[in-house]
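Undergrad:
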Amino acid sequence: MLRPHEMSSVVITGPKSAQEPIIKELHDMKVLHIVEHSKNELADIGAPLESAGRLSEIFVKVRALMSALGISKKGNFELRKDLLDVGLSVNKINGELNFSLEELKRADAQLAKNESIRQELELLKGINIPLDDFTSCKSLASFTGYIDSYAAQLKDKIPKITKSFMLLESKAKKKSFIALFADSKSAESISSLLKKSNFTQVNLTNVQGMKGTASQNLARITDESSKLQKLREDILGKIEKLGASHKEFLIASESFLREQLEKAEAPLKFASTHNAFLAKGWIPTEDLKNSIERLNKAGHNKIYIQFEPAKKSQKAPVKQKNPNPIKPFQFFMDMYSIPTYREIDPTFFVFLTFPIFFGIMLGDIGYGLISLIIFWLLKKFMPKARNFFNILMLASFVSILFGFLFGEFFGFEKIGGFHLWHIISRAEPESMFTLLFAMLIIGAIHVNLGLILGFINIYKDHGLMAAIYEKASWIILELGVAMLALSYLNLISISPFVGAIFLGASILMIFKGEGVKGIFELPGIFTNILSYARLMAIGISSVKLAEVINHYAEEMFHSGGFLILAGILILIIGHVINLMLGLLGSFLHSLRLHYVEFFSKFFTGGAKKYTPFGLKDE
223 MLRPHEMSSV VITGPKSAQE PIIKELHDMK VLHIVEHSKN ELADIGAPLE
273 SAGRLSEIFV KVRALMSALG ISKKGNFELR KDLLDVGLSV NKINGELNFS
323 LEELKRADAQ LAKNESIRQE LELLKGINIP LDDFTSCKSL ASFTGYIDSY
373 AAQLKDKIPK ITKSFMLLES KAKKKSFIAL FADSKSAESI SSLLKKSNFT
423 QVNLTNVQGM KGTASQNLAR ITDESSKLQK LREDILGKIE KLGASHKEFL
473 IASESFLREQ LEKAEAPLKF ASTHNAFLAK GWIPTEDLKN SIERLNKAGH
523 NKIYIQFEPA KKSQKAPVKQ KNPNPIKPFQ FFMDMYSIPT YREIDPTFFV
573 FLTFPIFFGI MLGDIGYGLI SLIIFWLLKK FMPKARNFFN ILMLASFVSI
623 LFGFLFGEFF GFEKIGGFHL WHIISRAEPE SMFTLLFAML IIGAIHVNLG
673 LILGFINIYK DHGLMAAIYE KASWIILELG VAMLALSYLN LISISPFVGA
723 IFLGASILMI FKGEGVKGIF ELPGIFTNIL SYARLMAIGI SSVKLAEVIN
773 HYAEEMFHSG GFLILAGILI LIIGHVINLM LGLLGSFLHS LRLHYVEFFS
823 KFFTGGAKKY TPFGLKDE
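Counting with this note's numbering, you get residues 223 to 840 for the letters of the sequence shown.
#1: Could you pull the start and end residues of the alpha helix (DSSP H) that residue 689 belongs to?
#2: Taking buried to mean at least 16 other C-beta atoms within 10 Å of its own C-beta, is residue 521 buried or exposed?
#3: Assuming residue 269 contacts residue 618 (C-beta within less than 8 Å), just tell me the rounded distance between them.
#4: Sorted by chain position, which residues of the same chain lie with C-beta nearer than 7 Å to residue 826's C-beta, five sequence neighbours on each side aside?
#5: Examine the Cβ distances between the segment 719–736 and the segment 695–711 and report whether three or more of them are shorter than 8 Å.
#6: Buried or exposed: where does residue 250 fall if 16 or more other Cβ atoms within 10 Å of its Cβ makes it buried?
#7: Return yes when the Cβ of residue 648 is within less than 9 Å of the Cβ of residue 735, no when it is not.
#8: Name the one or two DSSP bridge partners that residue 362 has.
#9: Within a Cβ cutoff of 8 Å, which residues of the same chain sit near residue 668, ignoring the five residues on either side of it in sequence?
#10: Tell me, please, whether the segment 475–484 touches the segment 270–281 by the rule of three or more beta-carbon pairs shorter than 8 Å.
#11: With DSSP as the reference, label residue 681 as helix, strand or coil.
#12: Closer than 7 Å by C-beta to residue 514: which residues in its own chain qualify, once you throw out the five before and the five after it? Chain order, please.
#13: Which residue or residues does DSSP assign as beta-bridge partners of residue 528?
#14: For residue 261 and residue 267, what's the separation of their Cα atoms in angstroms?
#15: I'd like to know if the segment 583–597 and the segment 751–767 are in contact, where contact means that at least 3 CB-CB pairs between them fall below 8 Å.
#16: How is the alpha helix (DSSP H) around residue 718 delimited, first residue to last?
#17: Does the distance from the CB of residue 400 to the CB of residue 366 come in under 9 Å?
#18: Classify residue 538 as helix, strand or coil using the three-state DSSP reduction.
#19: I believe residue 550 touches residue 613 by the beta-carbon criterion, under 8 Å. Please report the beta-carbon distance rounded to the nearest angstrom.
#20: Please determine whether the Cβ atom of residue 488 lies at a distance below 8 Å from any heavy atom of the ligand NAP.
#21: Take every Cβ of the segment 772–784, pair it with every Cβ of the segment 598–609, and state whether three or more of those distances are shorter than 8 Å.
#22: Return the chain-ordered ranges of every alpha helix (DSSP H) run that is complete within the segment 547–574 and spans a minimum of 4 residues.
#23: Ends of the beta strand (DSSP E) at residue 598?
#24: Can you pull the DSSP bridge partners for residue 853?
#25: What three-state label does DSSP hand residue 818 in the structure shown?
#26: When DSSP builds the beta bridges, which residues end up paired with residue 502?
#27: Near residue 420, which residues of its chain fall below 6 Å by C-beta distance, leaving aside the five closest residues on each side in sequence?
#28: On the CB-based measure, 16 or more other CB atoms within 10 Å of its CB, does residue 719 come out buried or exposed?
#29: Roughly how many whole angstroms lie between the Cα atoms of residue 417 and residue 423?
#30: Where does residue 496 fall in DSSP's three states?
#31: Taking just the CA atoms, how far does residue 794 sit from residue 732?
#32: Is residue 323 closer than 9 Å to residue 379 when the C-beta atoms are compared?
#33: Got a sec? Which residues, its chain only, sit under 7 Å from residue 644 by beta carbon, not counting five neighbours each side?
#34: If I follow the unbroken alpha helix (DSSP H) through residue 331, where does it start and stop?
#35: When the Cα of residue 317 is compared with those of 252, 519, 388, 284, which residue comes out closest?
Printed below as a string of structure tokens:
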């Protein structure tokens with residue numbers, strides 16, 4: 223539990239003829255953590271199996287099809303086809319999809335074009351003349367667009383330029399839309415006149431060549447767009463039906479192809495010569511005997527397997543060894559860092575203390591019950607995050623327990639005239655010192671536990687004296703400070719000189735173990751312990767906010783009438799906000815006390831997680 227599974231390094235060598243069956247067996251066994259080979263003078267990197275190219279091609283098509291058809295990877299379906307049939311089926315589905323997508327593309331393009339035409343026709347629908355009149359006569363110049371002035375003002379000015387003109391007007395919001403026809407000889411003069419009216423030309427490129435009026439063409443375009451929209455919906459329905467009918471096959475194919483491609487590309491991680499291959503990696507020692515037997519059988523005893531337990535100098539991958547109740551808390555280690563092969567795995571201690579710290583801070587029966595229900599529901603809807611929600615459910619349960627110890631139910635200490643039983647009340651000022659002292663004691667225990675774990679780690683790797691200088695020295699420092707303080711306060715009958723000796727000796731030991739850096743960090747051990755005061759502070763702030771919410775709600779209830787509803791809203795909204803703040807604060811600060819105050823005393827981390835070849839990610 224505190225140490226990972228023992229690992230053994232394994233080297234597999236054999237002829238190229240045995241490579242493929244060995245890869246297949248390794249994939250089925252799911253025990254070998256492969257160490258990738260780097261090209262050197264002795265051996266090159268292996269080439270993928272012949273099937274890799276074809277597999278990759280089909281795999282890419284399947285992934286593209288799943289994306290286009292909106293198919294998620296949820297589900298576990300059996301594939302009843304070989305690679306050839308899979309390829310043919312995938313190509314057929316891809317062809318059907320591409321045909322539908324081309325139809326959809328054409329429909330969308332025509333709809334977009336119709337929309338542009340419609341916008342131009344909307345401008346002209348108030349001008350009741352055939353559209354081909356705009357371009358049919360080359361001796362006429364036409365002007366279409368918006369002006370600031372009313373067209374009536376133009377009617378008085380245009381005759382001064384030319385007698386041959388026709389002016390049509392359509393009101394468009396604050397401006398006027400006009401269509402002006404005049405003889406081409408006066409085009410330049412009319413253009414100058416229009417500029418003075420802030421004329422903005424509108425190019426009607428989409429309606430050129432159309433016959434009939436704008437209103438007639440608008441009706442035709444609207445009808446055509448309706449039919450295109452119906453066609454579009456039919457195509458989308460066909461695509462949706464295509465996805466539904468082939469969902470299971472595509473999911474199964476994706477899984478199958480991913481596995482086959484993983485096997486086909488495995489030689490890229492091996493060392494290779496013209497006639498032989500070499501694969502290196504790690505296997506849990508407990509699986510070693512069975513693995514060797516299976517590999518020899520698969521390779522028809524043509525391979526050679528060399529193995530040995532992990533050496534001190536080797537960086538073996540880590541397969542954590544935790545019982546099922548503790549495994550969810552590996553989530554926090556994955557977030558932070560994987561413990562090295564040789565150091566203590568802190569997951570068990572996080573399992574013990576994280577829920578307690580969380581529970582102390584939230585510490586309310588009502589809040590604990592609500593959060594427990596919320597996280598249980600979220601776990602149902604988000605199964606991939608079940609480990610995270612299992613942690614929070616346990617923390618919520620512990621919050622309920624501390625709620626009973628503190629006698630709090632949504633901040634109330636009294637319900638229906640009865641005081642809730644409690645050991646200590648966080649609402650009473652006289653309890654503050656007791657709570658603070660208790661939290662500092664918890665902090666001292668937690669920090670020193672970290673130092674003890676650090677002592678064990680260093681002792682194992684570097685010997686007793688190194689462990690004393692680097693870790694035990696800090697415990698001696700704390701003892702020296704405590705003895706000095708207690709003797710000066712006459713709480714113990716020991717001379718302050720004894721505490722001073724402990725203090726001086728510890729400083730020398732720290733300097734010996736950590737150098738100048740350790741001397742500068744001397745106050746750090748006490749600030750680390752003081753950080754645990756936040757367990758009290760965050761909890762009390764939540765209590766006080768709950769009290770304020772309850773107080774204002776009660777005043778509303780006593781006022782009666784409409785204010786009762788306001789009181790209910792204050793209770794609901796206020797406690798929702800307080801619960802959210804409480805959950806966030808309890809989670810983050812519990813995590814901080816572990817990552818910063820606790821882990822810093824012993825934890826190195828930085829190892830690679832054991833990821834055996836062939837094992838699917840959860």
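For each residue, glycine too, the CB sits at the ideal point set by N, CA and C.
Just so you know, these numbers come straight off a predicted model, no measurement behind them.
TA: Short version:
#1: Position 467 of the sequence shown holds residue 689. That run of the alpha helix (DSSP H) goes 686–689.
#2: Here residue 521 refers to the residue found at position 299 of the sequence shown. So residue 521 counts as buried.
#3: Stepping through the sequence shown from its first residue, residue 269 is reached at position 47. Stepping through the sequence shown from its first residue, residue 618 is reached at position 396. Actually they are not in contact, since the Cβ atoms of residue 269 and residue 618 sit about 54 Å apart, beyond 8 Å.
#4: Here residue 826 refers to the residue found at position 604 when the sequence shown is read from its first residue. Cβ within range, chain order: 562, 565.
#5: yes
#6: Residue numbering aside, residue 250 sits at position 28 when the sequence shown is read from its first letter. The residue is exposed, with fewer than 16 neighbouring Cβ atoms inside 10 Å.
#7: Taking the first residue of the sequence shown as position 1, residue 735 is located at position 513. Taking the first residue of the sequence shown as position 1, residue 648 is located at position 426. No, these two residues do not count as a Cβ contact at 9 Å.
#8: Residue numbering aside, residue 362 sits at position 140 when the sequence shown is read from its first letter. Residue 362 is bridged to 405.
#9: Position 446 of the sequence shown holds residue 668. Hits under 8 Å: 575, 754, 815, 819, 820.
#10: yes
#11: Looking up residue 681 in the sequence shown gives position 459. Note: residue 681 maps to helix in three-state DSSP.
#12: Looking up residue 514 in the sequence shown gives position 292. Excluding sequence neighbours, residue 514 sits near 527.
#13: The count along the sequence shown starts at 1 and reaches residue 528 at position 306. DSSP output for residue 528 lists 233 as bridge partner(s).
#14: Counting from 1 along the sequence shown, the entry for residue 261 is found at position 39. Counting from 1 along the sequence shown, the entry for residue 267 is found at position 45. Using only the alpha carbons, I get a separation of about 6 Å.
#15: yes
#16: The sequence position of residue 718 within the sequence shown is 496, counting from 1. Taken as a continuous stretch (DSSP letters only), the alpha helix (DSSP H) holding residue 718 covers 718–736.
#17: As a first step, residue 400 must be located in the sequence shown, where it is residue number 178. As a first step, residue 366 must be located in the sequence shown, where it is residue number 144. Against a cut-off of 9 Å, the Cβ pair of residue 366 and residue 400 comes out as a contact.
#18: Stepping through the sequence shown from its first residue, residue 538 is reached at position 316. Here residue 538 sits in coil by DSSP.
#19: As a working mapping, residue 550 is identified with position 328 in the sequence shown. As a working mapping, residue 613 is identified with position 391 in the sequence shown. Between residue 613 and residue 550 the Cβ distance is about 5 Å, and since that is below 8 Å, they are a contact.
#20: The ligand NAP is not part of this structure, which contains no ligands at all.
#21: no
#22: 552–558
#23: Stepping through the sequence shown from its first residue, residue 598 is reached at position 376. No beta strand (DSSP E) holds residue 598; the alpha helix (DSSP H) holding it covers 587–603.
#24: Only positions 223 to 840 of the chain appear in this structure, which leaves residue 853 out of reach.
#25: Numbered from its first residue, the sequence shown carries residue 818 at position 596. Helix, per DSSP.
#26: Here residue 502 corresponds to residue number 280 of the sequence shown, with the count starting at 1. Bridge partners of residue 502: 233, 257.
#27: What you label residue 420 is simply residue 198 of the sequence shown in a count that begins at 1. Cβ within range, chain order: 370.
#28: Position 497 of the sequence shown, counting from 1, holds the residue named residue 719. Its Cβ having fewer than 16 others within 10 Å, residue 719 is exposed.
#29: Here residue 417 corresponds to residue number 195 of the sequence shown, with the count starting at 1. Here residue 423 corresponds to residue number 201 of the sequence shown, with the count starting at 1. When rounded, the distance between both Cα atoms is 10 Å.
#30: Counted from its first residue, the sequence shown places residue 496 at position 274. Of the three classes helix, strand and coil, the one that applies to residue 496 here is coil, per DSSP.
#31: Counting from 1 along the sequence shown, the entry for residue 732 is found at position 510. Counting from 1 along the sequence shown, the entry for residue 794 is found at position 572. The straight-line gap from Cα to Cα measures roughly 54 Å.
#32: The sequence position of residue 379 within the sequence shown is 157, counting from 1. The sequence position of residue 323 within the sequence shown is 101, counting from 1. Taking 9 Å as the Cβ cut-off, residue 379 and residue 323 do not qualify as a contacting pair.
#33: In the sequence shown, counting from the first residue as 1, residue 644 sits at position 422. Excluding positions up to five away in sequence, the list reads 627, 628, 629.
#34: The residue you call residue 331 lines up with position 109 of the sequence shown. 305–346 is the extent of the alpha helix (DSSP H) around residue 331.
#35: One-based indexing of the sequence shown puts residue 317 at position 95. Measuring from the Cα of residue 317, the nearest candidate turns out to be 284.
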